[in-house]
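Student: Quick note on our numbering: the sequence shown kicks off at 1434 and runs consecutively.
What follows is a structure written as structure tokens; I'll ask about it next.
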Amino acid sequence: MAQSDTQSTTDPVQAAIPEASPEGSSGRRGKGAAGRRAQRSGGGPGQSMPFIMRKVGVYEVLDEEALNLIETNADIVLEEIGIEFRDDAEALQLWREAGADVKGERVRFPKGLCRQLLKTAPEIFTQHARNPARSVQIGGKATVFAPVYGPPFVRDLDGERRYATIEDFRNFVKLAYMAPAMHHSGGTVCEPVDVPVNKRHFDMVYSHMKYSDKPFMGSVTAPERAEDTVEMCKILFGAEFVDQNCVTLNLINANSPMVFDETMLGALKVYARNNQACVVSPFILAGAMSPVTVIGTLTQILAEVLAGAAFTQLVRPGAPVLFGTFAASISMQSGAPTFGTPEPSLVSYGAAQLARRLKLPFRTGGSLCGSKVVDAQAAHESASTLNMTLLAGTNFALHSAGWLEGGLVSSYEKFMIDVDQLGMQQRFAQGVDLSETGQAMDAIAEVGPGNHYLGCAHTQANFQKAFFRSSLADNNSYEQWLAEGEKRIEERARALCRSWLDSYVAPDLDPAIDEALLAFMRERKESMPDAFT
């Protein structure tokens, strides 16, 4: 097992994307002591940090022999076992026309067919935000952090675990917008159960467009909801721009093992036809949805991604697509999912290598945990997953902040603690400074043997930005901690969260565009009765 840095040294898209201004879209600059603290910690609320361009190598766990073995076995799965494309006659016909063997809903693929189709998929692309300074690169050496996705529950600022509401959804969008090291607004940051099922996607997509100017994800819960997302994007960006550029990422889960269902295929076709990115992600709980072994799981993941990602190119050659995986294991005693364990990390490291060999951007990881509250278990499981996420070379990291209870809960407290960790990861990804300042030879010469560096010129010139300073960790003396109320990190996170939400200022949105979005939503909502199932 060794480190390597197999990606090119120049990412061509990077030059075309402007870096976000340190003030963020609000144009307000931090002042005084608070502003200086924000600079040392990597930015304050609303001060956007550009997406990561990693200057550290990726960590690789598989050698050439292992990679060849997985690829050979995946080809056997595709050719002899096949993948089911359920309840979608159009998908089956497209595969027939492409030369696949289709019997019923089972598709078997001649060796090399999927790889050949994927040659038209971009290795690197830009997801555009409505604020161009927030646009992100997907692929290459870029890493983009996005928040938690999918929980039906929240753990709120009063410590209550309850069903999520649209107000919670808006709050998490605002927090993601304000978090400096969060580069993306995400998608279903929680499931607002107080809004009808068949209409809530309008309010969710609109919240991303209205309360943030970062990139966002679309709805995939039905093809018509994907169509609504695309239409709203056309209102926001313009129809021609949407047709020629990626403005939304969309999560397409394989129904592992080896099935793509009608809902996911329908959403995939909508987004691919409109040139929008699909994150084709097998949802893996190893031992239940894949074999219990790392190599067996990687074989199945590769087969599923090859089939799903190649299908996007049948729909529209050149449509952006990501090699995704969500990898966890299960407790063989209870059947419950487990997080932060070694085997899923090995799976994700290996999947990242396979993605690079396919020249596809990669999605995995986040800040995953199984803990029910913000405690030591939540911290160490999330840290294990997040460290792997960066070192694997992940391009799009969903669930980067807020995940609790195995993905059932979006936690306000954990969101704040996680985004603090994201800032640390961003600083780590900058690597080592080899400049004259980084070498510090003048400081070594000035101090000499037996003295200290606290007062030397180099320290005085660089101390404010020399080390990352957490906005939440308490590193003061025991006596000072006692004097300040013996506050645990959860308490500090709650206070910081309330402060952010109280100080939130929405990014500007053209009133004409806003009204057009609201009018579209009204018309579509009035065209259908409410449905809560």
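Cβ coordinates follow ideal geometry from the N, Cα and C atoms, glycine included.
Computed from a predicted structure; not experimentally measured.
How would you write the range of the beta strand (DSSP E) that residue 1942 sits in, first residue to last?
Tutor: Taking the first residue of the sequence shown as 1, we reach residue 1942 at position 509. Element bounds for residue 1942: n/a, residue is neither H nor E.
Student: Just the C-alpha distance for residue 1580 and residue 1884, rounded to the nearest angstrom, thanks.
Tutor: As a first step, residue 1580 must be located in the sequence shown, where it is residue number 147. As a first step, residue 1884 must be located in the sequence shown, where it is residue number 451. Cα to Cα, the separation comes out at about 46 angstroms.
Student: Assuming residue 1608 contacts residue 1930 under a Cβ cut-off of 8 angstroms, what Cβ separation, rounded to an integer in Å, is found between them?
Tutor: Numbered from 1 along the sequence shown, position 175 holds the residue referred to as residue 1608. Numbered from 1 along the sequence shown, position 497 holds the residue referred to as residue 1930. Contact flag correct, Cβ pair sits at about 7 angstroms.
Student: Residue 1533 lies in the beta strand (DSSP E); which residues open and close that run?
Tutor: Along the sequence shown, read from residue 1 onward, the residue named residue 1533 stands at position 100. Where residue 1533 is concerned, there is no enclosing beta strand (DSSP E), given that its DSSP letter is neither H nor E.
Student: What number of angstroms, rounded off, separates the C-alpha of residue 1858 from the C-alpha of residue 1666?
Tutor: Working through the sequence shown from its first residue, we reach residue 1858 at position 425. Working through the sequence shown from its first residue, we reach residue 1666 at position 233. When rounded, the distance between both Cα atoms is 31 angstroms.
Student: Starting from residue 1777, trace the beta strand (DSSP E) in both directions and tell me its first and last residue.
Tutor: Translated into the one-based positions of the sequence shown, residue 1777 becomes position 344. It is not in any beta strand (DSSP E) - residue 1777 instead sits in the alpha helix (DSSP H) that spans 1775-1791.
Student: CB-CB under 8 angstroms to residue 1691, same chain, minus the five flanking residues each way: which ones, in chain order?
Tutor: The residue you call residue 1691 lines up with position 258 of the sequence shown. Around residue 1691: 1510, 1514, 1515, 1516, 1517, 1733, 1736 and 1737.
Student: In the DSSP assignment, what residue or residues form a beta bridge with residue 1686?
Tutor: As a working mapping, residue 1686 is identified with position 253 in the sequence shown. Residue 1686 is bridged to 1714.
Student: Nearest to residue 1649 by CA position, among 1702, 1810, 1829 and 1872, is which residue?
Tutor: Within the sequence shown, residue 1649 is the residue found at index 216, counting from 1. That would be 1829, whose Cα lies nearest to the Cα of residue 1649.
Student: Is residue 1960 helix, strand or coil when you go by DSSP?
Tutor: Numbered from 1 along the sequence shown, position 527 holds the residue referred to as residue 1960. If DSSP states are grouped into helix, strand and coil, residue 1960 belongs with coil.
Student: According to DSSP, is residue 1950 helix, strand or coil?
Tutor: As a first step, residue 1950 must be located in the sequence shown, where it is residue number 517. Note: residue 1950 maps to helix in three-state DSSP.
Student: Can you tell me which of the three DSSP states residue 1936 falls into?
Tutor: Residue numbering aside, residue 1936 sits at position 503 when the sequence shown is read from its first letter. It is helical.
Student: Around the Cβ of residue 1595, are there at least 16 other Cβ atoms within 10 angstroms (buried) or fewer (exposed)?
Tutor: In the sequence shown, the residue the question calls residue 1595 occupies position 162. Classification for residue 1595: exposed.
Student: From the DSSP output, which residues share a beta bridge with residue 1570?
Tutor: On the sequence shown, residue 1570 is found 137 positions in, with the first residue counted as 1. In the DSSP output, where bridge partners are listed per residue, residue 1570 has 1559.
Student: Express the C-alpha separation of residue 1878 and residue 1886 in angstroms, rounding to a whole number.
Tutor: Stepping through the sequence shown from its first residue, residue 1886 is reached at position 453. Stepping through the sequence shown from its first residue, residue 1878 is reached at position 445. Rounded to whole angstroms, residue 1886 to residue 1878 spans 11 angstroms at the Cα level.
Student: Are three or more beta carbon pairs between the stretch 1706-1722 and the stretch 1748-1755 nearer than 8 angstroms?
Tutor: In short, these stretches touch, since the Cβ pair count reaches three.
Student: Exposed or buried, residue 1911, counting other C-beta atoms within 10 Å across all chains shown (16 or more means buried)?
Tutor: For the purposes of this step, residue 1911 is identified with residue 478 of the sequence shown, where counting begins at 1. By the neighbour-count rule (16 or more Cβ atoms within 10 Å), residue 1911 is not buried but exposed.
Student: Using 8 angstroms as the threshold, is the C-beta distance between residue 1934 and residue 1849 below it?
Tutor: Reading the sequence shown from its first residue, position 501 is the one you call residue 1934. Reading the sequence shown from its first residue, position 416 is the one you call residue 1849. No, the Cβ-Cβ distance between residue 1934 and residue 1849 is not below 8 angstroms.
Student: Can you list, in chain order, the residues of its chain whose CB lies under 8 angstroms from that of residue 1895, leaving out five sequence neighbours each side?
Tutor: On the sequence shown, residue 1895 is found 462 positions in, with the first residue counted as 1. For residue 1895, where only same-chain residues beyond five positions count, the Cβ hits under 8 angstroms are 1870.
Student: Just reading off the beta strand (DSSP E) that residue 1576 is part of, what are its end residues?
Tutor: What you label residue 1576 is simply residue 143 of the sequence shown in a count that begins at 1. Segment 1575-1578, the beta strand (DSSP E) holding residue 1576.
Student: Mind checking residue 1813: buried by the 16 CB within 10 Å criterion, or exposed?
Tutor: In the sequence shown, counting from the first residue as 1, residue 1813 sits at position 380. Exposed, since its Cβ has fewer than 16 Cβ neighbours within 10 Å.
Student: In three-state terms, what does DSSP make of residue 1801?
Tutor: Locating residue 1801 in the sequence shown gives position 368, counting from the first residue. Note: residue 1801 maps to coil in three-state DSSP.
Student: Could you check what DSSP says for residue 1911 in three-state terms: helix, strand or coil?
Tutor: For the purposes of this step, residue 1911 is taken as residue 478 along the sequence shown, with counting starting at 1. It is helical.
Student: Just verifying my parser: in three-state terms, what is the DSSP assignment at residue 1754?
Tutor: For the purposes of this step, residue 1754 is identified with residue 321 of the sequence shown, where counting begins at 1. Residue 1754 falls in the strand class under three-state DSSP.
Student: Which value, in whole angstroms, describes the spacing of the CA atoms of residue 1675 and residue 1621?
Tutor: If you number the sequence shown from 1, residue 1675 lands on position 242. If you number the sequence shown from 1, residue 1621 lands on position 188. Taking the straight line joining both Cα atoms gives about 21 angstroms.
Student: Closer than 6 angstroms by C-beta to residue 1468: which residues in its own chain qualify, once you throw out the five before and the five after it? Chain order, please.
Tutor: Translated into positions along the sequence shown, residue 1468 becomes position 35. At residue 1468 the pLDDT is 46, less than 50, meaning the model places this residue with poor confidence and gives no usable figure here.
Student: Hey, how far is the Cα of residue 1821 from the Cα of residue 1682?
Tutor: The residue given as residue 1821 occupies position 388 in the sequence shown. The residue given as residue 1682 occupies position 249 in the sequence shown. Rounded to the nearest angstrom, the two C-alpha atoms are 22 angstroms apart.
Student: Three or more C-beta pairs under 8 angstroms: does that hold for the stretch 1532-1542 against the stretch 1557-1568?
Tutor: Segments in contact, no.
Student: With respect to the alpha helix (DSSP H) encompassing residue 1703, which residues constitute its N-terminal and C-terminal limits?
Tutor: On the sequence shown, position 270 is the one that residue 1703 refers to. Here the alpha helix (DSSP H) through residue 1703 covers 1695-1706.
Student: Residue 1661 to residue 1635, Cα distance in whole Å?
Tutor: Residue 1661 sits at position 228 when you count from the first residue of the sequence shown. Residue 1635 sits at position 202 when you count from the first residue of the sequence shown. Approximately 8 angstroms between the Cα atoms of the pair.
Student: Beta-carbon separation of residue 1788 and residue 1547 under 8 angstroms?
Tutor: Within the sequence shown, the letter at position 355 stands for residue 1788. Within the sequence shown, the letter at position 114 stands for residue 1547. Their beta carbons are not under 8 angstroms apart, which means residue 1788 does not touch residue 1547 by this criterion.
Student: List the whole-angstrom C-beta distance separating residue 1842 from residue 1776, where the pair is believed to meet the contact cut-off of C-beta under 8 angstroms.
Tutor: Locating residue 1842 in the sequence shown gives position 409, where the first residue counts as 1. Locating residue 1776 in the sequence shown gives position 343, where the first residue counts as 1. About 24 angstroms; that fails the 8 angstroms criterion.
Student: Is there at least one non-hydrogen atom of the ligand NAD closer than 7 angstroms to the beta-carbon of residue 1887?
Tutor: Among the components of this structure there are no ligands whatsoever, and the ligand NAD is therefore not found.
Student: Can you tell me where the alpha helix (DSSP H) with residue 1658 in it begins and where it stops?
Tutor: To locate residue 1658, count along the sequence shown from 1; it is residue 225. Counting along the chain, the alpha helix (DSSP H) containing residue 1658 begins and ends at 1656-1670.
Student: Just mark residue 1925 as buried or exposed, buried being the case when its beta carbon has 16 or more other beta carbons within 10 Å.
Tutor: As a first step, residue 1925 is located in the sequence shown; it is residue number 492 there, counting from the start. Buried is the call here.
Student: Count the other CB atoms within 10 Å of the CB of residue 1604; is the residue buried (16 or more) or exposed (fewer)?
Tutor: Position 171 of the sequence shown, counted from the first residue, corresponds to residue 1604. Buried, because 16 or more other Cβ atoms sit within 10 Å of the Cβ of residue 1604.
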